[in-house]
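Add 43 to the 1-based position in the sequence shown for the working numbering, that's all there is to it.
Working notes, beginning with the structure itself.
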Amino acid sequence: MSQLDRGYQLGLLSFIRPSTLVRLAPRLGSLDPKRLGRLAAILAGSAVSLPLNAWQSIRHHRDITNQHIGPDPIFIVGHWRSGTTHMHNLLSQDPQFDCLRMFQALAPDCSVSTQSWLPELMQRFVPSKRPMDNMEWPMSAPQEEEIPLAKLTPYSWYLQFLFPQQALETFVRNVLLDGAPKKAYHEVQRKLMQLVKVAAMHAQGKRLLLKNPVNTARIPMLRQLFPNARFIFVHRNPYEVFPSTVNLHRKILGITSLQTYTEESIEANVLEIYPKLLERYLLDSKEVPTNRLVEVGYQDLVDNPHDCLANVYRQLELSGYDNAKPEMQSYLDEQAGYEKNNFSNLSERVVELLNQRWGIAFEQWGYQRRTPNTLETG
């Protein structure tokens, strides 16, 4: 294994709460023996974090519990690889907002008590670019709360990156919460609130801007916690989303999985999950007032970023866009040389599958179906 992959593992697989590992023990029956070393590293990373976690609990538990969150957060949602990160990074240039940061995500139980020294130490070992697309990934970067949630509870979707053989079951129970016990729902609520309070403590009064694709299916839960929350839903051409999501799973599973998996199983899971997630979103979004939810096409955001962003602020009744516009433009200028992964060469088999099984995107957001013998999207 390369030094780069070990760095990713340090960030993603360390600081998992020991109680979470204990509760995941029944899944270890299907552990691949060749990955015992990876399991040992996870256990070691959990054990090392214990004194740091304990110190934060002793010193800051009351502060975190009593932390005022301020204005209800803005949540960016949408299926993975749909442009949610780009939207998150752009909006985070607005100085009125703050985010849950990379360091808070990687070390959720001790980010308050170790903020003066641990981020710099971790940055020496954790790569500064994301494994799936080479986007910048410093300790200060905005990050999604599903990563720390997977370290705090066994009810996170991202535990499927440890146990891919149970991916669909994990999605149904931990994302859709279908058939999940009430205690799972309430535990996810509590842990999310804990993460938001820690982020609010770091944010020092600024409004939180939070991005998490899993929250696409948690809108009722989030509205229960934050009645005045705003939501930004980002969608993208399904012919781009599918290969990019498969690549995401392939890259992350190569670093984190404790079980064997195949390319075919990755594709099958992605094909199955996409329509289920979006069906849940379309059902739940009907209950959200129009001034609390805006839908954004990724290509619109790329082609006309300022018109698109101005509309987001206008529809969600947010102020401050004109003040933030120069910073957003500066970020766009910095990203001008970034080269995206190219996944345009889809096989006829994949095109046919997407046409048949991802019809929800074509019908709801007007994306045009390709014919299997062409790569033109129309």
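Glycine is no exception: its CB is placed at the ideal position from the N, C-alpha and C atoms.
Keep in mind that this is a model prediction, so the values were computed, not measured.
Short Cβ contact (7 Å threshold) for residue i with residue j
| i | j | result |
| --- | --- | --- |
| Thr259 | Tyr201 | no |
| Asn89 | Leu64 | The sequence shown places Ser at residue 89, rather than the Asn named in the question. Contact: yes. |
| Leu321 | Ile403 | yes |
| Lys240 | Ile107 | yes |
| Val394 | Pro415 | yes |
| Met178 | Met145 | no |
| Arg250 | Phe140 | yes |
| Ile282 | Ser125 | According to the sequence provided, residue 282 is Tyr. The question's Ile does not apply to it. No, these two residues do not count as a Cβ contact at 7 Å. |
| Ala223 | Arg216 | yes |
| Lys77 | Met175 | no |
| Asn271 | Asp115 | yes |
| Leu220 | Tyr228 | yes |
| Glu310 | Val284 | no |
| Ile117 | Leu252 | yes |
| Gly50 | Val169 | yes |
| Pro185 | His104 | no |
| Val331 | Thr127 | no |
Selection from the options that minimises the alpha carbon distance to residue i
| i | options | result |
| --- | --- | --- |
| Arg70 | Gln203, Trp160, Gly54 | Gln203 |
| Ser159 | Tyr198, Leu82, Arg233, His245 | His245 |
| Thr213 | Ser199, Pro281, Glu188 | Ser199 |
| Leu396 | Thr303, Met236, Asn255, Pro286 | Pro286 |
| Leu430 | Lys172, Gln147, Met264 | Within the shown structure, residues of the chain are numbered from 44 to 421, placing residue 430 beyond reach of any answer. |
| Leu211 | Gly248, Lys319, Trp123, Ala367 | Lys319 |
| Thr303 | Gln208, Glu187, Gln399 | Gln208 |
| Pro263 | Ser328, Asp343, Arg167 | Ser328 |
| Ala193 | Arg167, Asn388, Trp123, Ala150 | Ala150 |
| Trp123 | Gly248, Asn255, Lys225, Met165 | Asn255 |
| Asn388 | Arg413, Leu265, Asn366 | Arg413 |
| Asp346 | Ala87, Arg66, His129 | His129 |
Nearest-angstrom Cα separation, counted from residue j out to residue i
| i | j | result |
| --- | --- | --- |
| Glu163 | Ile85 | 21 Å |
| Leu326 | Arg279 | 19 Å |
| Thr420 | Gln411 | A caution first: Thr420 carries a pLDDT of 42, below 50, which makes its placement in the model unreliable, though a value can still be read off. Each residue's Cα considered, the two are about 6 Å apart. |
| Leu359 | Ser373 | 24 Å |
| Leu418 | Phe206 | Confidence in Leu418 is poor, its pLDDT being 49 and thus under 50, which makes the residue's placement unreliable; the coordinate value appears in the next sentence. Distance between the alpha carbons of Leu418 and Phe206 is about 34 Å. |
| Val313 | Leu93 | 35 Å |
| Ser154 | Trp98 | 11 Å |
| Ile190 | Leu143 | 11 Å |
| Ser390 | Ile316 | 20 Å |
| Pro61 | Asp152 | 11 Å |
| Gln378 | Phe274 | 25 Å |
| Leu195 | Ile59 | 7 Å |
| Leu82 | Tyr356 | 45 Å |
| Leu361 | Ser135 | 14 Å |
| His292 | Val257 | 15 Å |
| Asp48 | Leu375 | 29 Å |
| Ala68 | Pro197 | 10 Å |
| Val231 | Leu268 | 11 Å |
| Thr299 | Glu307 | 18 Å |
| Arg392 | Val218 | 29 Å |
| Phe405 | Glu338 | 15 Å |
| Tyr364 | Leu352 | 8 Å |
| Thr305 | Gly297 | 11 Å |
| Met236 | Arg400 | 35 Å |
| Asn109 | Ala243 | 11 Å |
| Ser57 | Trp180 | 17 Å |
| Met371 | Pro348 | 9 Å |
| Gly72 | Arg173 | 31 Å |
| Leu133 | Leu344 | 10 Å |
| Gly409 | Asn398 | 13 Å |
| Gln407 | Asn366 | 34 Å |
| Leu265 | Glu188 | 13 Å |
| Arg66 | Lys226 | 14 Å |
| Gln166 | Thr333 | 41 Å |
| Gln247 | Ile101 | 21 Å |
| Val424 | Gly121 | This structure cannot speak to residue 424, because the chain is shown only from 44 to 421. |
| Asn354 | Gly380 | 26 Å |
Residue i CB to nearest heavy atom of the ligand GTP below 6 Å
| i | result |
| --- | --- |
| Leu164 | Inclusion of the ligand GTP in the displayed structure is not the case, the ligand content being empty and no account of it being possible. |
For residue j and residue i, believed in contact at Cβ under 8 Å, the rounded distance
| i | j | result |
| --- | --- | --- |
| Leu301 | Leu74 | 5 Å |
| Ser156 | Leu95 | 7 Å |
Proximity test, Cβ basis, 7 Å: residue i and chain D
| i | result |
| --- | --- |
| Arg279 | The structure shown contains no chain D, having only a single protein chain. |
Checklist entry - In chain order, which continuous runs of the beta strand (DSSP E) of length 3 or greater are located wholly inside the region 117 to 186? => result 117 to 120
Item to check | Ranges of the alpha helix (DSSP H) found wholly within the region 257 to 343, counting only runs of at least 4 | outcome: 262 to 268, 281 to 299, 306 to 328
Next on the checklist: Please give me, in chain order, every unbroken run of the alpha helix (DSSP H) with length at least 4 that falls completely inside the region 187 to 267.
Outcome noted: DSSP runs (the alpha helix (DSSP H)) wholly in the region 187 to 267: 189 to 195, 210 to 217, 225 to 246.
Item to check | Ranges of the alpha helix (DSSP H) found wholly within the region 44 to 85, counting only runs of at least 4 | outcome: 46 to 56, 61 to 67
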